[in-house]
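Q: First the structure, then my questions, so here it is.
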Amino acid sequence: MTAKRKDKETAPLTNQAGEVRELEADDFAKFQPADDLIPGIAEGMKRLRGQRGKQKAPTKVQKTLRLSPEVVAYFQSQGKGWQTNVDKVLREYVKSHK
3 MTAKRKDKET APLTNQAGEV RELEADDFAK FQPADDLIPG IAEGMKRLRG QRGKQKAPTK
63 VQKTLRLSPE VVAYFQSQGK GWQTNVDKVL REYVKSHK
């Protein structure tokens, strides 16, 4: 039983495939604050001057909208930001039909 416990204590957190084993109380007890291990890392993660923070009030309205599968598939195939592209197309349509 002692050998099994020793193996567990020295067992790496990940296997060769990169999967993390289930963490136990002993693992959590060994954790250290990131700033202790890499001084200044927490400071680098803070918002820098001139960068935007969270919105104080949302600038858009959240609504449920039903679209045909073809339309959704087209915009999703464009990659990241596809919902913003849908908004852009709809705004252009509204602008041209005023």
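Using our numbering, you'd call the opening residue of the sequence shown number 3 and step up by one each time.
Ideal Cβ positions, reconstructed from N, Cα and C, are used throughout, including at glycine.
Mapping DSSP to helix, strand and coil, what is Val-22?
A: On the sequence shown, residue 22 is found 20 positions in, with the first residue counted as 1. In this structure, Val-22 counts as strand in the three-state DSSP scheme.
Q: Could you tell me the distance, in whole angstroms, from the CA atom of Lys-97 to the CA atom of Ala-75?
A: Mapped onto the sequence shown, residue 97 falls at position 95. Mapped onto the sequence shown, residue 75 falls at position 73. Taking the straight line from one Cα to the other gives about 25 angstroms.
Q: On the CB-based measure, 16 or more other CB atoms within 10 Å of its CB, does Ala-5 come out buried or exposed?
A: Locating residue 5 in the sequence shown gives position 3, counting from the first residue. Residue confidence is low: Ala-5 scores 47 on pLDDT, short of 50, so the model does not pin down where it sits. No coordinate-derived value is stated.
Q: Among all the DSSP beta bridges, which residues are the ones paired with Thr-86?
A: Counting from one through the sequence shown, the residue named residue 86 turns up at place 84. For Thr-86, which the question treats as bridged, DSSP gives no partner whatsoever.
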